[in-house]
Amino acid sequence: MRAFAELLDRLVLTPQRNAKIKLMTDYFRAAPDPDRGYALAAIAGTLTLKTVKPNVLRQLVLERMDEVLFRYSYDYVGDLAETISLVWEPPAESKTTTGDLSLGTVVHQLETAGRTNVHGLVRDLLDQLEGSSRFAFLKLITGGLRIGVSARLVKQALANLGNVDITEIETLWHGLSMPYVPLFQWLDGKADKPELDMPAIFHAVMLATPVGDNDLASLDPKDFAAEWKWDGIRVQLANLAGTRRLYSRSGDDISGAFPDILEAADFEGIIDGELLVGGTMRTNRATRAFSDLQQRLNRKTVTRKMLEEYPAFIRGYDLLFSGGRDMRPENFLTRRAALSALIEKAAPSHFDLSPLVPFSSWEELDRLRKDPPDPVIEGIMLKRLDSPYTSGRSKGPWFKWKREPYNVDAVLMYAQRGHGKRSSYYSDFTFGVWTKDDGKDVLVPVGKAYFGFTDAELEVLDRYVRNNTVERFGPVRSIRAEAGHGFVVEVAFEGINVSSRHKSGVAMRFPRISRLRTDKLPQDADRLETLLAMIGQPETNLAQPGEPI
Amino acid sequence: MKPETLLYPTPKGLYCEKGGFYIDPVQPVERALITHGHADHARAGHSHVMATRETLDIMRIRYGDAFCTSTQEAILGARTPIGDITASFHPAGHVLGSAQIAVEANGTRIVVSGDYKRRRDPTCLAFEPVPCDVFITEATFGLPVFHHPDDRGEIAKLLTSLKQFPERAHLVGAYSLGKAQRIIALMREAGYDAPIFIHGALARLCDYYESEGIGLGDLRPATIDASDKQSFAGAVVVGPPSAFADKWARRFPDPVPIFASGWMLVRQRAKQRGVELPMIISDHSDWPELIATIGEIKPGEVWVTHGREEALVRWCQLQGIAARPLHLVGYDDEGE
Ligand SMILES: [Zn+2]
Ligand SMILES: [Zn+2]
């Protein structure tokens, strides 16, 4: 348990992606089975344990400890599980226990304990574990583990462990379960790759590379088909041998949030498409913005009201399997013809076909890209007519050509020190635009960016922050930002999300600081209304600040 | 006599009227008895200072020869009459030269702990319990949450990280008096014998520790021109915590920010400071050490000063030990 607890402690505090991967890979290499499998499940969010209510834990700690002293402690730490892990003292006689209890043992004991024994078991385990392990254990049984590691990152760590491609892990992932012994045996080189008997498994998706400066010059428009790039999320819908699954593009199972789509999928096969909210083209209703789709994402279940207000559908891009037949070796036109026939017969309210964009020259396509006919389009996809469906991102068969980003002038409001190479710089900036609040103009934050600027510009920003700090909260400084005094930056962004964390109710997507506007004063910066109008978002559609989304 | 008349708090610090002196005064006074060299306890500008030889040396290093008008060296365990009272100094186990001060008159003895810890520290003498009527204890970590782990485990975390991330500089933030030398000494004990790079602010104190026979191994200044950045890859650099938020830190390749402090026990504290590798190593007593010390000394009364006074007072009350907070001002939480 100690190694697992130490891993968690380090992951939470390590900001760099590669460092996190390294920490996990090293752990998986050193830890035995089945411990590492349970650890993997805990990190990837697939570990399901009996949960223990906070009240039970409070009772347990008060059996041993004065209530007033506990309250002082809890007030200071602010987190119940952490407080208990820190104040807990085993009785003197049990201090000579048998060393480090393994994660596997802990999970096994919890799984086999009867409902009525849980109280005593938790107490025993708290007595046997020490410091960090106690904390990890409490987080596991209260379901409060937050590590800041995406499923994709863990899979990358596994890929590095076995020196295999991440797509191999993604393909296997949903066919395997805790504690993942066959997976680790394969990654250790001690066994063959696990064979999956589950149908409807995830197949790694085909990805596009961005159009570079001179990429198109040497290519013939006749060899390519163009489609709009829709602003939803890329998904894979599988329905084979009675099993239906909806996967995100990295293989996360998101079926639970989209029962409407699964239910409507009455065809056999696996399709690739864009998940969107609104009406399909076949029902002649408008596709709605990403912020509406966001209302449906990251949910385990979904209410009836949600289904009615935010109906989801899939805009089909490609066909991987038609029934049991693997279509991936076929060329784009053949796959598309089969997809078209399949969607023709599928439910019109939940499936449509991504239309092709006719064009005869790159110049013509460039014009279309810059002025797309629908606000939910974020660019153009180019697909080679003769290309098979291959997993991963290789340059040549598919290109993405993004619409120009939006630009606004915003005012720096907060700055935070960076990490790693930038830990001595104020390099993470929160910026805002003007809006009316109680009849007065105020700045409200709309986004946060930590790149886009050059090293020389960072020096300028850092100096400005240090010389214009109004207040400090830990590593964060608030910066002087008044109509006549402040720092204006031009921010480029791809769109906006609804955000209950920002007072403005919105947060920019992929913002970066594209220019320092030292020639402007904050009073010249943009307004929230301008920003909303830009992306065709009516203000009334936004969640109110503080409203859960 | 009543202990309240022997020693009582004033805005300048704890005052002993019968002896005409203050202990660790926070403002310049005529006569000061100093427990140890940390800046919030040992200030410059007093006329007469009595402290251990090491503490006097440390004050001289930090403030220059003119830090006071005259000095008097306290020999550990020796009883020195001052006015109508007798004072004696006893090891506190906090940093090199640190002492508790016992003040005695008419059969009443008060021990002022200063800052203290009970666990082994290769850089200073161990705490010695002194029987007394009133024990004035610090309470920097006076909450039941503070259970500081074995420091060997914390050093091991650093050594593991050096192996995992050999391309990154490991920047250890540690207070320049005591903590820095203890970390270095503990690393040496754990078998780390590569050069350790130190910030300029540590140089004279590290030299002093060496001259007192506390071996710190191969120490080098962490000053190399920018072209040589890579030479800090995989190196350990020790400096005062404030330096790491400074431009000074920009010379190191992709640094791992580390902070050695008792506060690092609380995860949110580490996160707020941007610390990637917290090392929970404290020069103060943790909660079990505080209560064990009170249990061992069995004073008639406990007075609690600087730190989280209310919890320790509560604990004493639950044990039937008379206790009250002193509300002295001017002493820092280590690291804040
Ligand atoms: Zn001190
Ligand atoms: Zn102190």
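First to last, the protein sequences are chains A and B.
Position in the first sequence (first residue = 1) + 1326 = this note's numbering.
Position in the second sequence (first residue = 1) + 73 = this note's numbering.
Every residue gets a Cβ at the ideal spot worked out from N, C-alpha and C, and that includes glycine.
Just so you know, these numbers come straight off a predicted model, no measurement behind them.
Return yes when the Cβ of B:V207 is within less than 8 Å of the Cβ of B:I183, no when it is not. In contact: B:I183 and B:V207 (Cβ atoms closer than 8 Å).
Could you give the C-beta distance for B:A212 and B:V377, rounded to a whole number, given that I count them as a contact under 8 Å? 5 Å
According to DSSP, simplified to helix, strand and coil, what is A:G1430? Looking at A:G1430 - three-state DSSP - the assignment turns out to be helix.
What's the gap between the Cα of A:K1709 and the Cα of A:S1825? One C-alpha to the other measures close to 34 Å.
Taking only the alpha-carbon atoms, compute the straight-line gap between B:Y431 and B:S358 and give it to the nearest angstrom. The structure shown does not extend to residue 431 of chain B, since chain B is modelled only from 74 through 409, so no value can be given for it.
Closer than 8 Å by C-beta to A:I1703: which residues in its own chain qualify, once you throw out the five before and the five after it? Chain order, please. W1554, K1555, W1556, D1557 and R1729
If you measure from the beta carbon of A:E1865 to each beta carbon in chain B, is any gap under 8 Å? Model confidence at A:E1865 stands at a pLDDT of 48, short of 50, so the residue's coordinates are unreliable; what they give is reported in the following sentence. With a threshold of 8 Å between beta carbons, A:E1865 makes no contact with chain B.
Could you work out which residues of chain A lie near B:E383, taking near to mean beta carbons separated by less than 8 Å? Y1398
How about the stretch 1591-1601 of chain A and the stretch 1560-1567 of chain A: do they share at least three Cβ pairs that are nearer than 8 Å? yes
For B:C279, name the three-state secondary structure that DSSP assigns. helix
Between B:H111 and ligand 1, is there a pair consisting of the residue's CB and a ligand heavy atom that are separated by less than 7 Å? yes
Would you list the one or two residues that DSSP bridges to B:V375? B:F208 and B:A396
Between the stretch 220-233 of chain B and the stretch 280-289 of chain B, can you find at least three pairs of beta-carbon atoms closer than 8 Å? no
Between the alpha carbons of B:A384 and B:V218, how many angstroms are there, rounded? 11 Å
Give a yes or no on whether the C-beta atoms belonging to A:D1897 and A:A1485 are separated by under 8 Å. This structure cannot settle anything about residue 1897 of chain A, because the visible part of chain A is limited to 1327 through 1875.
Three-state secondary structure (DSSP) at A:R1472? coil
Sort A:E1808, A:Y1752 and A:T1497 by Cα distance to A:A1530 and report the nearest one. A:T1497
Is the Cβ of B:F332 closer than 8 Å to any Cβ of chain A? Against chain A, the CB of B:F332 has no partner CB under 8 Å away; the residue lies outside that interface.
Leaving aside the five residues before and after B:G118 along the sequence, list all residues of the same chain whose C-beta is less than 6 Å from its C-beta, in chain order. P101
With DSSP as the reference, label A:R1881 as helix, strand or coil. Outside the displayed range of chain A (1327 to 1875) lies residue 1881 of chain A, so it cannot be described from this structure.
Taking DSSP as the reference, what is the three-state secondary structure of A:V1791? A:V1791: helix per DSSP, three-state reduction.
At the level of alpha carbons, what is the spacing between A:N1733 and B:F238? If I take the Cα positions, the gap works out to 39 Å.
Same chain, Cβ closer than 6 Å to B:G226, neighbours up to 5 away in sequence not counted: none
If you measure from the beta carbon of B:G479 to each beta carbon in chain A, is any gap under 8 Å? Outside the shown range of chain B, which is 74 to 409, sits residue 479 of chain B, and nothing can be said about it.
To the nearest angstrom, how far is the alpha carbon of A:R1661 from that of A:N1489? 32 Å
I'd like to confirm something about B:D52: is its beta-carbon nearer than 7 Å to some heavy atom of ligand 2, or not? Because chain B spans 74 through 409 in this model, residue 52 of chain B falls outside it and cannot be assessed.
Pull up the DSSP beta-bridge partners for B:R225, would you. B:R225 pairs with nothing; no bridge assigned.
Scan the stretch 1375-1397 of chain A for residues whose Cβ lies nearer than 9 Å to a Cβ of chain B and list them as they occur along the chain. M1391, D1392, V1394, L1395 and F1396
B:W360 - DSSP class collapsed to helix/strand/coil: If DSSP states are grouped into helix, strand and coil, B:W360 belongs with the helices.
Can you confirm whether A:E1521, when its beta carbon is compared against all beta carbons of chain B, has any partner nearer than 8 Å? no
Residue range of the beta strand (DSSP E) that A:S1648 falls in? A1638 to S1648
A:L1337 to A:K1379 span [Cα, whole Å]: Rounded to whole angstroms, A:L1337 to A:K1379 spans 26 Å at the Cα level.
Whole angstroms are fine: how far does the CA of B:G170 sit from the CA of A:T1438? 56 Å
Run through DSSP, which three-state label would A:V1444 get? DSSP, read as helix, strand or coil, puts A:V1444 in helix.
With distances taken from CA atoms, which of A:Y1776, A:W1760 and A:A1775 is nearest A:L1769? Checked all of A:Y1776, A:W1760 and A:A1775; the closest Cα to A:L1769 is A:W1760.
Give the single residue among A:A1552, A:R1355 and A:G1595 whose Cα lies nearest to the Cα of A:E1690. A:A1552
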